[in-house]
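Trainee:
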Amino acid sequence: MGDTGQVNCAILGSRGLVAQRYLQRMVNHSWLNPVSVIGSSSTVGLKISELPWSLDEVRPKLPDIVVKDLVDIDQLIFELKAENVQIIFSAIPEDVAIRVEKRLAREGFVVISHALAHRMDSDVPLVIPTVNSDHLTILESQNYGTGYLISCSNCMVVPIALTLHPLISNFDFLSVNIVTEQSLSGGGRGLLTKGRMGMPINSAIPGESESVVRELNKILGKKYDGIFQEANLGSKVWCSRVTREFGHLASIEVEFVNEISAHKVIEEWQKYSFESFDSRLPSSTNIINFVDGKLDVEEHRWSG
Numbered sequence: 071m072g073d074t075g076q077v078n079c080a081i082l083g084s085r086g087l088v089a090q091r092y093l094q095r096m097v098n099h100s101w102l103n104p105v106s107v108i109g110s111s112s113t114v115g116l117k118i119s120e121l122p123w124s125l126d127e128v129r130p131k132l133p134d135i136v137v138k139d140l141v142d143i144d145q146l147i148f149e150l151k152a153e154n155v156q157i158i159f160s161a162i163p164e165d166v167a168i169r170v171e172k173r174l175a176r177e178g179f180v181v182i183s184h185a186l187a188h189r190m191d192s193d194v195p196l197v198i199p200t201v202n203s204d205h206l207t208i209l210e211s212q213n214y215g216t217g218y219l220i221s222c223s224n225c226m227v228v229p230i231a232l233t234l235h236p237l238i239s240n241f242d243f244l245s246v247n248i249v250t251e252q253s254l255s256g257g258g259r260g261l262l263t264k265g266r267m268g269m270p271i272n273s274a275i276p277g278e279s280e281s282v283v284r285e286l287n288k289i290l291g292k293k294y295d296g297i298f299q300e301a302n303l304g305s306k307v308w309c310s311r312v313t314r315e316f317g318h319l320a321s322i323e324v325e326f327v328n329e330i331s332a333h334k335v336i337e338e339w340q341k342y343s344f345e346s347f348d349s350r351l352p353s354s355t356n357i358i359n360f361v362d363g364k365l366d367v368e369e370h371r372w373s374g
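First residue of the sequence shown? That's 71 in our numbering, and the numbers climb one at a time after it.
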């Protein structure tokens, strides 16, 4: 893509945390050019620079984009094509995603979705690029013409998969136990605002443990005889919410068939970190850092 110039992109979602993270990352990006933002009725007609900023980093200088609505999907598709949009990053609620994402893919857009809606669909790859980019071959079965639909995983799954992938790829194992502490940001803007106001937070996250297990098994699955089969990690997962604003934490216990030294585990992590690094990617400025020693969530939040 580096030789093709910038690609025009749209963001489904305007003031949610994921939508704002996309805006933050795409402003001044070498490849991705945000030209359109689609939001709810409460934000339609406003400039994106006028919307409340919820991230804990300084708001960047945002382009002069007015929020569109999603009421008339045919009109929206017409406008997006007129703007030469090729990629749509979707950060909308599941009920809306079910209604519009596949339609947009059939219209020729590449849709990258953060919604839960299609993560477990057999014809939709659930991808963490440095873990299972080979799953993108699933796109060949979608039959959307020039369009595609790709799902992103639960945010807690990403660091867990990055940690487990080099280990279970090289060592036989018996079981995996995971305990998480998930920040307010994982519950969305509403929960983050509630926490900032000092309101009580329920530590339970209904359905989260099951979701983490399902997604890990799909992401860490392998192709056999041309068909992707899910992994069976034998995982037991316990998820809870904490009052920290940003930064998830997971404690992972792996029981291996044979005894493996801590030195060997760290060696595999370091090797994987260097192998997965691609300096051609404009956002990939550092290799993944596996912290050896005491972990500080705030200090090490951007290590990966």
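Every residue gets a Cβ at the ideal spot worked out from N, C-alpha and C, and that includes glycine.
Can you give me the start and stop residues for the alpha helix (DSSP H) that residue 216 sits inside?
Mentor: Along the sequence shown, read from residue 1 onward, the residue named residue 216 stands at position 146. Per DSSP, residue 216 belongs to no alpha helix (DSSP H) and is neither H nor E.
Trainee: When the Cα of residue 160 is compared with those of 254, 100, 93, which residue comes out closest?
Mentor: If you number the sequence shown from 1, residue 160 lands on position 90. Cα-wise, what sits closest to residue 160 is 93.
Trainee: Looking at residue 289: is its Cβ nearer than 8 Å to the Cβ of residue 224?
Mentor: Here the question's residue 289 lines up with position 219 in the sequence shown. Here the question's residue 224 lines up with position 154 in the sequence shown. In this structure, residue 224 does not lie closer than 8 Å to residue 289 by Cβ.
Trainee: Distance, Cα to Cα, residue 333 vs residue 324?
Mentor: Against the sequence shown, residue 333 aligns to sequence position 263. Against the sequence shown, residue 324 aligns to sequence position 254. Using only the alpha carbons, I get a separation of about 15 Å.
Trainee: Taking the DSSP output, what are the residues bridged to residue 171?
Mentor: Counted from its first residue, the sequence shown places residue 171 at position 101. Paired residue(s): none; residue 171 is not in a bridge.
Trainee: In angstroms, rounded to a whole number, what distance separates the CA positions of residue 276 and residue 226?
Mentor: Locating residue 276 in the sequence shown gives position 206, counting from the first residue. Locating residue 226 in the sequence shown gives position 156, counting from the first residue. In a straight line, the C-alpha of residue 276 is about 14 Å away from that of residue 226.
Trainee: Can you find the residues in the same chain that come closer than 8 Å, C-beta to C-beta, to residue 164, ignoring five residues on each side of it along the sequence?
Mentor: In the sequence shown, the residue the question calls residue 164 occupies position 94. Excluding sequence neighbours, residue 164 sits near 185, 186, 187.
Trainee: To the nearest angstrom, how far is it from the Cα of residue 89 to the Cα of residue 286?
Mentor: Translated into positions along the sequence shown, residue 89 becomes position 19. Translated into positions along the sequence shown, residue 286 becomes position 216. The straight-line gap from Cα to Cα measures roughly 24 Å.
Trainee: So, are the CB atoms of residue 108 and residue 151 less than 8 Å apart?
Mentor: Locating residue 108 in the sequence shown gives position 38, counting from the first residue. Locating residue 151 in the sequence shown gives position 81, counting from the first residue. Contact flag unset, no.
Trainee: If we ignore side chains and look at the alpha-carbon of each, how far apart do residue 336 and residue 233 end up?
Mentor: Reading the sequence shown from its first residue, position 266 is the one you call residue 336. Reading the sequence shown from its first residue, position 163 is the one you call residue 233. Distance between the alpha carbons of residue 336 and residue 233: 10 Å.
Trainee: I need the boundaries of the beta strand (DSSP E) containing residue 273, first residue and last residue.
Mentor: Mapped onto the sequence shown, residue 273 falls at position 203. Premise fails: residue 273 is in no beta strand (DSSP E) and is neither H nor E.
Trainee: Restricting to runs no shorter than 4 residues, where is the alpha helix (DSSP H) found entirely within the region 245-271?
Mentor: Listed in chain order, the complete alpha helix (DSSP H) runs (minimum 4 residues) inside the region 245-271 are 259-266.
Trainee: Identify, in the order they occur along the chain, each residue of the same chain with its Cβ nearer than 6 Å to the Cβ of residue 96, setting aside the five sequence neighbours on each side.
Mentor: Your numbering for residue 96 matches position 26 in the sequence shown. Cβ within range, chain order: 102, 104.
Trainee: What does the alpha-carbon distance come out to for the pair residue 308 and residue 230?
Mentor: Here residue 308 is taken as the residue at index 238 of the sequence shown, counted from 1. Here residue 230 is taken as the residue at index 160 of the sequence shown, counted from 1. Going from the Cα of residue 308 to the Cα of residue 230 covers about 13 Å.
Trainee: Grouping DSSP H, G and I as helix and E and B as strand, with all else coil, what is residue 314?
Mentor: Reading the sequence shown from its first residue, position 244 is the one you call residue 314. Reduced to three states, the DSSP call for residue 314 is coil.
Trainee: Is residue 228 near residue 198, with beta carbons less than 8 Å apart?
Mentor: Reading the sequence shown from its first residue, position 158 is the one you call residue 228. Reading the sequence shown from its first residue, position 128 is the one you call residue 198. In this structure, residue 198 lies closer than 8 Å to residue 228 by Cβ.
Trainee: Could you tell me the distance, in whole angstroms, from the CA atom of residue 272 to the CA atom of residue 295?
Mentor: Translated into the one-based positions of the sequence shown, residue 272 becomes position 202. Translated into the one-based positions of the sequence shown, residue 295 becomes position 225. Taking the straight line from one Cα to the other gives about 45 Å.
Trainee: Count the other C-beta atoms from every protein chain shown that fall within 10 angstroms of the C-beta of residue 304, then say buried if there are 16 or more, exposed otherwise.
Mentor: In the sequence shown, the residue the question calls residue 304 occupies position 234. Classification of residue 304: exposed, given that the 10 Å Cβ count is below 16.
Trainee: Using 8 Å as the threshold, is the region 211-219 in touch with the region 236-247, meaning 3 or more CB pairs across them?
Mentor: No, the region 211-219 is not in contact with the region 236-247.
Trainee: Which word fits residue 72, buried or exposed, when buried means at least 16 other C-beta atoms lie within 10 angstroms of its C-beta?
Mentor: Here residue 72 refers to the residue found at position 2 when the sequence shown is read from its first residue. Confidence is the limiting factor: at residue 72 the pLDDT is only 49, short of 50, which leaves the residue's position unreliable, though a coordinate-based value still follows. Answer is exposed; the Cβ neighbour count stays below 16.
Trainee: With DSSP run on the structure shown, which of helix, strand or coil describes residue 339?
Mentor: Here residue 339 refers to the residue found at position 269 when the sequence shown is read from its first residue. Looking at residue 339 - three-state DSSP - the assignment turns out to be helix.
Trainee: So within the region 100-172, which uninterrupted alpha helix (DSSP H) runs reach at least 4 residues, ignoring any that extend past its ends?
Mentor: Runs of the alpha helix (DSSP H) inside the region 100-172: 143-152.
Trainee: Give the single residue among 142, 178, 162, 291 whose Cα lies nearest to the Cα of residue 206.
Mentor: Reading the sequence shown from its first residue, position 136 is the one you call residue 206. It is 291 whose Cα lies nearest to the Cα of residue 206.
Trainee: Count the other CB atoms, across all protein chains shown, that sit within 10 Å of the CB of residue 113; report buried if there are 16 or more and exposed otherwise.
Mentor: Your numbering for residue 113 matches position 43 in the sequence shown. It counts as buried.
Trainee: If you compare alpha carbons, which of 262, 148, 269, 350 is closest to residue 178?
Mentor: Numbered from 1 along the sequence shown, position 108 holds the residue referred to as residue 178. Answer by Cα proximity: 148.
Trainee: Measure the alpha-carbon distance for residue 106 versus residue 219 and round it to whole angstroms.
Mentor: Here residue 106 refers to the residue found at position 36 of the sequence shown. Here residue 219 refers to the residue found at position 149 of the sequence shown. C-alpha separation (whole angstroms): 19 Å.
Trainee: What are the boundary residues of the beta strand (DSSP E) that residue 77 is part of?
Mentor: Here residue 77 refers to the residue found at position 7 of the sequence shown. Note, residue 77: beta strand (DSSP E), 77-82.
Trainee: Do you know offhand how far residue 244's Cα is from residue 222's?
Mentor: Stepping through the sequence shown from its first residue, residue 244 is reached at position 174. Stepping through the sequence shown from its first residue, residue 222 is reached at position 152. Distance between the alpha carbons of residue 244 and residue 222: 27 Å.
Trainee: Look up residue 177 in the DSSP assignment and say whether it is helix, strand or coil.
Mentor: Counting from 1 along the sequence shown, the entry for residue 177 is found at position 107. Residue 177 falls in the coil class under three-state DSSP.
Trainee: On the criterion of 16 or more Cβ atoms from any shown chain inside 10 Å, does residue 345 qualify as buried, or is it exposed?
Mentor: Position 275 of the sequence shown holds residue 345. Classification of residue 345: exposed, given that the 10 Å Cβ count is below 16.
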